[in-house]
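Trainee: 307 is the number that the numbering used here gives to position 325 of the sequence shown; each next residue is one higher, with no gaps.
Glycine included, C-beta positions come from ideal geometry on N, C-alpha and C.
Quick one: the structure is below, and I'll ask about it shortly.
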Amino acid sequence: MISDIVNAISGVFAFLTTPVSWVIVQFHKVFGAIFGPDTGWAWGLSIVSLVVLIRICLIPLFVKQIKSTRNMQLLQPQMKAIQERYKNDKQRQSEEMMKLYKETGTNPLSSCLPILVQSPFFFALYHTLAGIAENKKIGVIDQSLLDSAQKAHIFGAPLAAKFMDSAEEVAKMGATLMDVRVVTAVMIIMMSASQFYTQRQLMTKNVDLTVKTPFMQQQKMLMYVFPVIFLFMGINFPVGVLVYWLTTNVWTMGQQMYVISRNPTPGSKAQAKMLEGLQKHVVGHGATRTKRERNIVKAIVAKGRDRNEYERKFINGLTKASLAAQADGTVVAGTSTAVLDEDGTSSGAPKRQQPKRQSKSQRQSGPTAKADGTAQDSGKPSLEKKDATESDAAAKPQNGAKAKPAGGNQARSKAKSGQRKGPQRPKSPTKK
-17 MISDIVNAIS GVFAFLTTPV SWVIVQFHKV FGAIFGPDTG WAWGLSIVSL
33 VVLIRICLIP LFVKQIKSTR NMQLLQPQMK AIQERYKNDK QRQSEEMMKL
83 YKETGTNPLS SCLPILVQSP FFFALYHTLA GIAENKKIGV IDQSLLDSAQ
133 KAHIFGAPLA AKFMDSAEEV AKMGATLMDV RVVTAVMIIM MSASQFYTQR
183 QLMTKNVDLT VKTPFMQQQK MLMYVFPVIF LFMGINFPVG VLVYWLTTNV
233 WTMGQQMYVI SRNPTPGSKA QAKMLEGLQK HVVGHGATRT KRERNIVKAI
283 VAKGRDRNEY ERKFINGLTK ASLAAQADGT VVAGTSTAVL DEDGTSSGAP
333 KRQQPKRQSK SQRQSGPTAK ADGTAQDSGK PSLEKKDATE SDAAAKPQNG
383 AKAKPAGGNQ ARSKAKSGQR KGPQRPKSPT KK
């Protein structure tokens, strides 16, 4: 049933079989001169090159898909609030959703663009390989190329053979049923595994874990649904189509790994890993050396108080290393410049250090000797030192004033801690 549906859809895109077959033939001329025109390497690498050419042309759409997916993740809290506010009014809910998409420039269908654009070429390739299996000329593939393609085997499996083919059909192509089923089963498993890993990589590394929304649950469900779909559909695909789809899955996986490592979603584990590596690099060199590094630092500084946990940790790491992140993305050394704290404010000059508090015994011990033999003041002067200073000042007449008797000074000098200084009040006579 699935093969009938695929054949019907392939017939809709039959007009693309001519350009697709032409591209395959051009690559076959190149690889045929190297490996031989009738080998599976020549035809297999021609299909791989077709995938690479299509995916290179789809890079702008892939970038748009990444941005759209990220915007959808950021909009999930607002979308959830709209759904709760207008849960009884579906029309108003749809209007508010469209208004939100328009204000933020987000298109929900952008995340599906690469698959939608690539699908016609996929069905055109399926239609071409089906014609080869039926020994029918199609596109620019003439009889000589048709005979060559039917002789081509990939690890023992003919290019047009399928997992569900009978032993008689496989024998007509010069192969055994065991070889065909082993090769197709391995390719189907690899195709499903690569699809699962690609989706899992997106969910575990490039999603803001601080936002729990239905969108994340939907993506988690697709992580398990897509591999199962490819598993059941793969048994109805020719070997050449499996080569095509496995190649495009591997390309998507590698392309996504590159994008996640270079431009991760804010708040994701990928951003934490990227900022950790960037911090080590910047601290090691004492500066941002590339334009990309400056752009990352500039974006983090511009956020101010809106930084997430990993961005605050990055700024604090630079501050501990006596480095200051500037608004233009550069990093300067020293504490004299304005250092941006984790809350986004500028600390300005370094904070004044409070003197170390001395114990009571240190305050009463007087000056201590330094290593060079000079006296060092231990902090608060002792009472004996203060009393001696007061005695000397009192003994010296100031501005012609007469010197006071020394008896009072001696009384002051003998005053101890805890006693009142100065002349003592005579005691009142005791009553007898």
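Out of 3, 220, 24, 2, point me to the one whose CA is closest to residue 12's CA.
Mentor: Nearest option by C-alpha distance: 24.
Trainee: How would you write the range of the beta strand (DSSP E) that residue 314 sits in, first residue to last?
Mentor: Looking at the DSSP string, the run of the beta strand (DSSP E) that includes residue 314 is 313 to 315.
Trainee: Fully enclosed by the stretch 210 to 289, which alpha helix (DSSP H) runs are 4 residues long or longer?
Mentor: If we require 4 residues or more, the alpha helix (DSSP H) runs fully inside the stretch 210 to 289 come out as 221 to 244, 251 to 267, 273 to 285.
Trainee: Under three-state DSSP, which class holds residue 167?
Mentor: Of the three classes helix, strand and coil, the one that applies to residue 167 here is helix, per DSSP.
Trainee: Any idea if residue 116 is buried or exposed, counting beta-carbon neighbours within 10 angstroms, 16 or more meaning buried?
Mentor: Answer is exposed; the Cβ neighbour count stays below 16.
Trainee: According to DSSP, is residue 204 helix, strand or coil?
Mentor: Reduced to three states, the DSSP call for residue 204 is helix.
Trainee: Just curious, the beta strand (DSSP E) that residue 27 is in, first and last residue?
Mentor: Here residue 27 belongs to no beta strand (DSSP E); instead the alpha helix (DSSP H) covers 22 to 39.
Trainee: Quick check on residue 19: does DSSP put it in helix, strand or coil?
Mentor: Note: residue 19 maps to coil in three-state DSSP.
Trainee: Among 250, 175, 73, 186, which has the Cα closest to the Cα of residue 229?
Mentor: Among 250, 175, 73, 186, the Cα nearest to that of residue 229 is on 175.
Trainee: Shortest alpha-carbon distance to residue -4 belongs to which of 39, 108, 50, 21?
Mentor: Of 39, 108, 50, 21, the residue nearest in Cα terms is 108.
Trainee: How close, in whole Å, do the beta carbons of residue 313 and residue 300 come, if the pair is a contact with beta carbons under 8 angstroms?
Mentor: 6 angstroms between Cβ atoms; contact.
Trainee: Apart from the five residues just before and just after residue 149, which ones in its own chain have a Cβ nearer than 7 angstroms to its Cβ?
Mentor: So the qualifying residues of the chain are 159.
Trainee: Can you name the residues that DSSP bridges to residue 59?
Mentor: Residue 59 pairs with nothing; no bridge assigned.
Trainee: Hey, which unbroken runs of the beta strand (DSSP E) at 3 residues or more fall wholly within the stretch 71 to 131?
Mentor: Those beta strand (DSSP E) runs which fall completely within the stretch 71 to 131 and span 3+ residues do not exist here.
Trainee: If we ignore side chains and look at the alpha-carbon of each, how far apart do residue 60 and residue 164 end up?
Mentor: When rounded, the distance between both Cα atoms is 49 angstroms.
Trainee: In its own chain, which residues sit with a C-beta less than 8 angstroms from the C-beta of residue 177, not counting the 5 before and 5 after it?
Mentor: Excluding positions up to five away in sequence, the list reads 208, 209, 212, 231.
Trainee: Once the 5 residues before and after residue 35 are set aside, which same chain residues still bring their CB inside 8 angstroms of it?
Mentor: So the qualifying residues of the chain are 5.
Trainee: With a CB to CB cut of under 8 angstroms and the five nearest residues on each side skipped, what residues in its chain are close to residue 18?
Mentor: The residues are 24.
Trainee: Quick one: what does DSSP say residue 187 is sitting in, helix, strand or coil?
Mentor: Helix.
Trainee: Are the stretch 285 to 300 and the stretch 236 to 243 touching, with three or more C-beta to C-beta distances below 8 angstroms?
Mentor: No, the stretch 285 to 300 does not touch the stretch 236 to 243.
Trainee: Residue 147 to residue 279, Cα distance in whole Å?
Mentor: Taking the straight line from one Cα to the other gives about 58 angstroms.
Trainee: Just checking, does the stretch 214 to 221 make contact with the stretch 137 to 145 on the three C-beta pairs under 8 angstroms criterion?
Mentor: Yes, they touch.
Trainee: How far does the beta strand (DSSP E) with residue 305 in it extend, from its first residue to its last?
Mentor: It spans 305 to 307 - the beta strand (DSSP E) in which residue 305 sits, taken as one unbroken run.
Trainee: Assuming residue 292 is part of the alpha helix (DSSP H), what are its boundary residues?
Mentor: Looking at the DSSP string, the run of the alpha helix (DSSP H) that includes residue 292 is 291 to 302.
Trainee: For residue 154, report the span of its alpha helix (DSSP H) as first-last.
Mentor: Looking at the DSSP string, the run of the alpha helix (DSSP H) that includes residue 154 is 149 to 154.
Trainee: Taking its Cβ as the centre, do 16 or more other Cβ atoms sit within 10 Å of residue 14, making it buried, or is it exposed?
Mentor: When all chains shown are included, residue 14 counts as buried.
Trainee: Alpha carbons only, please: which of 145, 22, 41, 187 is nearest the one belonging to residue 99?
Mentor: Taking only the C-alpha atoms, the option nearest residue 99 is 41.
Trainee: Between the C-alpha atoms of residue 68 and residue 52, what's the straight-line distance to the nearest angstrom?
Mentor: Residue 68 and residue 52: Cα-Cα distance of roughly 25 angstroms.
Trainee: Assuming residue 180 contacts residue 215 (C-beta within less than 8 angstroms), just tell me the rounded distance between them.
Mentor: Not confirmed; about 17 angstroms, so no contact.
Trainee: Measure from the alpha carbon of residue 114 to the alpha carbon of each residue in 226, 104, 131, then state which is nearest.
Mentor: The shortest C-alpha separation from residue 114 is found at 131.
Trainee: DSSP three-state call for residue 144: helix, strand or coil?
Mentor: In this structure, residue 144 counts as strand in the three-state DSSP scheme.
Trainee: Starting from residue 139, follow its DSSP beta bridges and name the residues at the other end.
Mentor: DSSP lists 136 as partners of residue 139.
Trainee: What does the alpha-carbon distance come out to for the pair residue 153 and residue 170?
Mentor: Spanning the two alpha carbons is a distance of roughly 22 angstroms.
Trainee: Would you tell me roughly how many angstroms separate the C-alpha atoms of residue 28 and residue 173, rounded to the nearest one?
Mentor: Spanning the two alpha carbons is a distance of roughly 19 angstroms.
Trainee: Between 296, 47, 39, which has its C-alpha nearest residue 88's C-alpha?
Mentor: The shortest C-alpha separation from residue 88 is found at 47.
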